[in-house]
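Trainee:
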Amino acid sequence: MAETVAFYILAALILIFALFVITAKSTVYSVLFLVMDFLLVAALYILLHAQFLAVIQVLVYAGGIVVLYLFVVMLVNLKRPPEAHSDPRRLGRFGLVMALAVLAEIVAIAAYGWMTPAAETGALSASNVEQVGRALYTDYLIPFEVASMLLLVAMIGAIVLAKREL
Amino acid sequence: MSVETMQTQSPRPMFDTDELVINMGPQHPSTHGVLRLILRLDGEKVVDADVVIGYLHRGIEKLSENRDWTQIVLLTDRMDYVAAVTNNLGYVETVEKLYSLEVPRRAQYIRTILAELQRIASHLVWLGTHAMDIGAVTVFLFCLRERELVLDLFEEYCGARLTYNAMRVGGQPFDLPPGWDQKVLRFCTLQEQKLPEYQQLLTSNRIWLNRTRDVGVIPGCDAVAIGLCGPALRASGVVRDVRKDEPYAAYGEFEFDIPIGTRGDTYDRYLVRLEEFRQSIRIIRQAVAGLPEGPVMGKVPRLLKPPAGETYHAVEAPKGELGFFIVSDGRSVTPYRLRVRPPSFCNLQALPRLVRGHLVADVVAIIGTIDIVLGEVDR
Amino acid sequence: MVDAIIIPLIKIVIVFVSVLVAVMYIVLLERKVQAWVQVRLGPMRVGPHGILQPIADALKLFVKEDITPAKADRWIFSLAPILVLVPALIAFAVVPFDADITLFGLTIPGYIADVNVGLLYIVSVASIGIYGIILGGWSSNSKYPLLASLRSSAQLISYEVAVTMTLVTVIMLAGSLSMVGIVTAQREMGWWFAFAQPVAFFIYFVGGLAETNRAPFDLPEAEQELVGGFHTEYSGMRFAFFFLAEYANMIVISAVATTLFFGGWLSPFPNVGWLGFLAWVPGWVWFTAKTFAFLYVFLWVRATLPRYRYDQLMRLGWKWLIPLAILNIVVTGVLKVLV
Chain E
1 MAETVAFYIL
11 AALILIFALF
21 VITAKSTVYS
31 VLFLVMDFLL
41 VAALYILLHA
51 QFLAVIQVLV
61 YAGGIVVLYL
71 FVVMLVNLKR
81 PPEAHSDPRR
91 LGRFGLVMAL
101 AVLAEIVAIA
111 AYGWMTPAAE
121 TGALSASNVE
131 QVGRALYTDY
141 LIPFEVASML
151 LLVAMIGAIV
161 LAKREL
Chain V
1001 MSVETMQTQS
1011 PRPMFDTDEL
1021 VINMGPQHPS
1031 THGVLRLILR
1041 LDGEKVVDAD
1051 VVIGYLHRGI
1061 EKLSENRDWT
1071 QIVLLTDRMD
1081 YVAAVTNNLG
1091 YVETVEKLYS
1101 LEVPRRAQYI
1111 RTILAELQRI
1121 ASHLVWLGTH
1131 AMDIGAVTVF
1141 LFCLRERELV
1151 LDLFEEYCGA
1161 RLTYNAMRVG
1171 GQPFDLPPGW
1181 DQKVLRFCTL
1191 QEQKLPEYQQ
1201 LLTSNRIWLN
1211 RTRDVGVIPG
1221 CDAVAIGLCG
1231 PALRASGVVR
1241 DVRKDEPYAA
1251 YGEFEFDIPI
1261 GTRGDTYDRY
1271 LVRLEEFRQS
1281 IRIIRQAVAG
1291 LPEGPVMGKV
1301 PRLLKPPAGE
1311 TYHAVEAPKG
1321 ELGFFIVSDG
1331 RSVTPYRLRV
1341 RPPSFCNLQA
1351 LPRLVRGHLV
1361 ADVVAIIGTI
1371 DIVLGEVDR
Chain G
2001 MVDAIIIPLI
2011 KIVIVFVSVL
2021 VAVMYIVLLE
2031 RKVQAWVQVR
2041 LGPMRVGPHG
2051 ILQPIADALK
2061 LFVKEDITPA
2071 KADRWIFSLA
2081 PILVLVPALI
2091 AFAVVPFDAD
2101 ITLFGLTIPG
2111 YIADVNVGLL
2121 YIVSVASIGI
2131 YGIILGGWSS
2141 NSKYPLLASL
2151 RSSAQLISYE
2161 VAVTMTLVTV
2171 IMLAGSLSMV
2181 GIVTAQREMG
2191 WWFAFAQPVA
2201 FFIYFVGGLA
2211 ETNRAPFDLP
2221 EAEQELVGGF
2231 HTEYSGMRFA
2241 FFFLAEYANM
2251 IVISAVATTL
2261 FFGGWLSPFP
2271 NVGWLGFLAW
2281 VPGWVWFTAK
2291 TFAFLYVFLW
2301 VRATLPRYRY
2311 DQLMRLGWKW
2321 LIPLAILNIV
2331 VTGVLKVLV
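Chains as they are written, first to last, in our numbering: chain E, 1 to 166; chain V, 1001 to 1379; chain G, 2001 to 2339.
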């Protein structure tokens, strides 16, 4: 019961902060609301007894990635948008495509959840670090390795882009 | 963010990059006084630096035209206030040269001892502040501890600890207090023992090496072209020391070496100055040992009025060649024109060149290494 | 009820107060240690040997005017000091100070919480602290703090990588992510991990110096270069928050070093017979003593070394510590499989 209440409160807060993210006037505020969102999502994970995931969420997203966002936002002059952005119709079209994509995703997730029976959650609570590790290195080994390759490529690409005269 | 930005012609028009313009000083903890630098930064890299001086201008050269020849000694104290005795020495020797006055040998020796003690004191301030700028706070306190002893010696000799007014045209105002020479020798021994202490903290310290090696490099020819002088010039490998080249006071009678560097970077300048401590101690020992007897004040008219004419005379101040150019009209009791060639001012000219391409953190290291005193830069 | 709420509350209060008091006295200790190294006396006026100096300092900061620069971003400017201090304090939640204590028939665990991902919790909480620094510098709307906050966050992020990597080796040895589990593992193994993992300990300590912005990595607040660092524009209590946070972070780093590498609350030499009396000293005393030994090293290093330059610091982090940490993981893994 208490968990359900907590879930709805958290979910509502997440949505509210998500709204703030897109409506905030200052980009820095926007990023900060995003951090709040990530922290609340971490709280959701804790509700699901996925402490490992929660901590990683905070560490990687809130503590790492968004810090980099903040760097960019603070340093790049956002007062003068790139020329491509000045065309309002282009923005509108782009937004429409994005909205449709998100809608399709939500529908797909809802349909999937409706069609397949709920997975057992109890088993996760024991020592989920071990479980995550086991899952990653057995069932999901190939996706895991592909993802790490992708990250490596991205990293090298970023270095090459940033340091041309290497 | 209302950061003052400056548009530049970027080589890659794809990205706009803004230069950040920051003001370093005149109130900044490590500009060694009221120096102001306008730094144009690309990230943390210094693209260009503008040196703004004049915040400590007191018009000493112009004031001198309204003071009589003895009173000016007191004004020179206020130029390089961490090496006031050397300023006194430069000035009185110039006037003596203009006057063709004979200075007693004992006075010459005393002057040499004072000047070398002053070099040690000034280098101690340099080493301390330079090390502190790079973050080694302890060295600063060690250095000031030893400088204190020099100041005590000066206090005993002339009563003052900073602005000594310790010389007169034609000789020295006082003879040495009894036992003073022994105290000087004792200080020399102590200082020699303390030098390894600083070296232990810095010379082979990896971080210190990282921070000073190849930072602010200037090759000898460029150093000469820009007009660097003193240890900064010698660290670039140029052998130039007024004490050797045009001996004054009693320097002609002593043996000492001129340490020179090879690379002309901050580390070499550090090593050169450290070696100068030892050479100064060597000179002081010889001077104390060979101190002649006799009067300390030569025959000087009551009212100084040098004959008409002009002269230039330079001494080797701790910071470099300190020159005085004096014109006397032979009629009035004040100089017609007095012009100072201050080493700090000339060395400061190299600053924009030295800092270009380095990081902000190096700027403070470079300001420290060229060893400026704003009182002398602005006069 | 008593077990679930009151005892934890009491413990939280005790930990909170003792951390704050420790912070105040570390400031005094720092001044004293620096003074002794530099042949001075340090604060001597407030109380005997300056023992009351921290109270005077705190009082001064309390009554000082709290200035918000006219062009600062008010909200974020006020938020930043809190964002720095809070993570520093809540990190103590999972630090085990002692073994379980039995008091009036109640078994009280020597920690506030034993999360099974305790170590990661500390790391993640520490990573949140960066926000306060970045935002503090940015919201001041002033150039030197901005530069300093950029430096600081870049430094924190890069050294966090190295530090976290060393933690992996500790986890591999202990087989647990829980702080209590790690200490227990050390007791069972019979030797502290500092001796099993000297390289990891070295990297951790260097990284810890860098993460707390201490000398020789104190670039973000290099007063000789950047005047005062990211908190240049702060005054009064808000400045005190930054100040407290820095020292609280030092304690966190030292406490974690104690727990991970020096056996936490365990007494030394349990196997040497005639030193058995050491076990009678309460665990929290050992814990505190070890932590303070680390803090002393922090201060000692500061009094001795000059400061790194920004690019050199980055080079040290990325080109030396991180590869070394990775290598260490590989070697540990290989040894673990072989032995």
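Here a beta-carbon is modelled for each residue, glycine too, at the ideal position from N, C-alpha and C.
Around the C-beta of Pro1013(V), are 16 or more other C-beta atoms found within 10 angstroms, so that it is buried, or is it exposed?
Mentor: Any reading at Pro1013(V) needs caution, since the residue's pLDDT is 43, under 50, leaving its predicted position unreliable; the model's value is listed next. By the neighbour-count rule (16 or more Cβ atoms within 10 Å), Pro1013(V) is not buried but exposed.
Trainee: Going by beta carbon distance, what residues of the same chain come within less than 8 angstroms of Pro1011(V), once the five residues before and after it are set aside?
Mentor: Residue confidence for Pro1011(V) is low, a pLDDT of 44 falling below 50, so the modelled location carries little weight and cannot support an answer.
Trainee: Can you give me the start and stop residues for the beta strand (DSSP E) that Arg1105(V) sits inside?
Mentor: Looking at the DSSP string, Arg1105(V) is not in any beta strand (DSSP E); the run it does join, the alpha helix (DSSP H), is Arg1105 to Asp1133.
Trainee: In chain order, what residues of the region 50 to 65 of chain E put their CB closer than 9 angstroms to some CB of chain G?
Mentor: Those would be Gln51, Phe52, Ala54, Val55, Ile56, Gln57, Val58, Leu59, Val60, Ala62, Gly63 and Gly64, in chain order.
Trainee: Identify, in the order they occur along the chain, each residue of the same chain with its Cβ nearer than 6 angstroms to the Cβ of Val28(E), setting aside the five sequence neighbours on each side.
Mentor: These residues qualify, in order along the chain: Val73.
Trainee: With 8 angstroms set as the bound, which would you pick, yes or no: does the beta-carbon of Asp1362(V) sit closer than that to a beta-carbon of chain G?
Mentor: So, interface residue.
Trainee: Out of curiosity, what's the CA-to-CA distance linking Gly2264(G) and Ala2257(G)?
Mentor: In a straight line, the C-alpha of Gly2264(G) is about 8 angstroms away from that of Ala2257(G).
Trainee: Along chain E, in chain order, which residues have C-beta atoms closer than 8 angstroms to that of Leu2120(G)?
Mentor: Within chain E, the residues near Leu2120(G) are Phe52, Val55, Ile56 and Leu59.
Trainee: Over the uninterrupted beta strand (DSSP E) stretch that includes Leu1101(V), give me the two end residues.
Mentor: It is not in any beta strand (DSSP E) - Leu1101(V) carries neither H nor E in the DSSP assignment.
Trainee: Roughly how many whole angstroms lie between the Cα atoms of Ala2154(G) and Lys2071(G)?
Mentor: Looking at the two C-alpha atoms, the distance is approximately 25 angstroms.
Trainee: Which residues does DSSP pair with Asn1023(V) in a beta bridge?
Mentor: Ile1038(V), per the DSSP bridge assignment.
Trainee: Taking only three categories from DSSP, how would you classify Gly2236(G)?
Mentor: Looking at Gly2236(G) - three-state DSSP - the assignment turns out to be helix.
Trainee: To the nearest angstrom, how far is the alpha carbon of Gly2175(G) from that of Ile142(E)?
Mentor: Distance between the alpha carbons of Gly2175(G) and Ile142(E) is about 25 angstroms.
Trainee: What beta strand (DSSP E) runs, 3 residues minimum, are completely inside the region 1317 to 1352 of chain V?
Mentor: If we require 3 residues or more, the beta strand (DSSP E) runs fully inside the region 1317 to 1352 of chain V come out as 1320 to 1328 and 1337 to 1341.
Trainee: For Leu1039(V), count neighbouring C-beta atoms within 10 Å of its own C-beta (all shown protein chains included) and say buried if the count is 16 or more, exposed if not.
Mentor: The residue is buried, with at least 16 neighbouring Cβ atoms inside 10 Å.
Trainee: Please state the DSSP three-state secondary structure of Glu1275(V).
Mentor: Note: Glu1275(V) maps to helix in three-state DSSP.
Trainee: Please name the residue, chosen from Phe2193(G), Met2189(G) and Arg2238(G), that lies closest to Gly2132(G) on a Cα-to-Cα basis.
Mentor: Comparing Cα-Cα distances from Gly2132(G) to each of Phe2193(G), Met2189(G) and Arg2238(G), the minimum goes to Arg2238(G).
Trainee: Apart from the five residues on each side of it in sequence, which residues of its chain come closer than 6 angstroms, Cβ to Cβ, to Ala123(E)?
Mentor: Any answer about Ala123(E) is weak, because its pLDDT of 48 lies below 50 and its placement is not dependable; what the coordinates show is given next. Around Ala123(E): no qualifying Cβ.
Trainee: Just verifying my parser: in three-state terms, what is the DSSP assignment at Glu1376(V)?
Mentor: Here Glu1376(V) sits in helix by DSSP.
Trainee: Can you pull out the residues from the region 1336 to 1359 of chain V whose beta carbon lies closer than 8 angstroms to at least one beta carbon of chain G?
Mentor: So the close ones are Leu1359.
Trainee: Starting from Arg2040(G), find everything on chain V with Cβ-Cβ shorter than 7 angstroms and list it in chain order.
Mentor: The contacting residues are Leu1141.
Trainee: So does the region 2192 to 2210 of chain G actually touch the region 1110 to 1122 of chain V, counting three or more Cβ pairs closer than 8 angstroms?
Mentor: No, the region 2192 to 2210 of chain G does not touch the region 1110 to 1122 of chain V.
Trainee: Within 8 angstroms, do at least three Cβ pairs link the region 1104 to 1117 of chain V to the region 1330 to 1347 of chain V?
Mentor: The region 1330 to 1347 of chain V is not in contact with the region 1104 to 1117 of chain V.
Trainee: Taking 8 angstroms as the threshold (C-beta atoms), are Gly1033(V) and Val1373(V) in contact?
Mentor: Yes, Cβ-Cβ distance for Val1373(V) and Gly1033(V) is below 8 angstroms.
Trainee: List the residues of chain G whose Cβ lies closer than 9 angstroms to the Cβ of Val28(E), in chain order.
Mentor: Result: Asp2073, Ile2076, Leu2135, Trp2138 and Ser2139.
Trainee: Looking at chain G, is there any beta carbon in it that lies within less than 8 angstroms of the beta carbon of Leu1274(V)?
Mentor: No, Leu1274(V) lies away from the interface with chain G (no Cβ there is under 8 angstroms from its Cβ).
Trainee: Cβ atoms of Ala2325(G) and Thr2166(G): under 8 angstroms apart, would you say?
Mentor: The answer is yes: Cβ separation under 8 angstroms.
Trainee: Quick check on DSSP: helix, strand or coil for Ala1166(V)?
Mentor: Of the three classes helix, strand and coil, the one that applies to Ala1166(V) here is coil, per DSSP.
Trainee: I need the DSSP call for Thr2107(G), collapsed to helix, strand or coil.
Mentor: Strand.
Trainee: Let me confirm a value: Cys1221(V) is counted as buried when at least 16 other C-beta atoms fall within 10 Å, else exposed. Which label applies?
Mentor: Flag for Cys1221(V) reads exposed.
Trainee: Straight-line CA distance for Ser125(E) to His49(E)?
Mentor: Any reading at Ser125(E) needs caution, since the residue's pLDDT is 49, under 50, leaving its predicted position unreliable; the model's value is listed next. So the alpha carbons of these two residues sit roughly 5 angstroms apart.
Trainee: Output needed for Met2189(G): all residues of its chain with C-beta closer than 8 angstroms, excluding positions within five of it in sequence on either side, in chain order.
Mentor: Closer than 8 angstroms at the Cβ level, and outside the excluded window around Met2189(G), lie Leu2173 and Ala2196.
Trainee: CB-CB under 8 angstroms to Val2170(G), same chain, minus the five flanking residues each way: which ones, in chain order?
Mentor: Once the five neighbours on either side are set aside, the close Cβ partners of Val2170(G) are Leu2119, Ile2182, Phe2193, Gln2197, Ala2200, Leu2260 and Phe2261.
Trainee: Looking only at C-alpha atoms, which of Val2339(G), Leu2052(G) and Ser2267(G) sits nearest to Phe2287(G)?
Mentor: The candidate whose alpha carbon is nearest that of Phe2287(G) is Ser2267(G).
Trainee: I need the straight-line Cα distance from Phe2269(G) to Leu2278(G), nearest angstrom please.
Mentor: Roughly 8 angstroms separates the two Cα atoms.
Trainee: Step through the CB atoms of chain G and report whether any lies within less than 8 angstroms of the CB of Glu1102(V).
Mentor: False, the Cβ-Cβ gap to chain G never drops below 8 angstroms.
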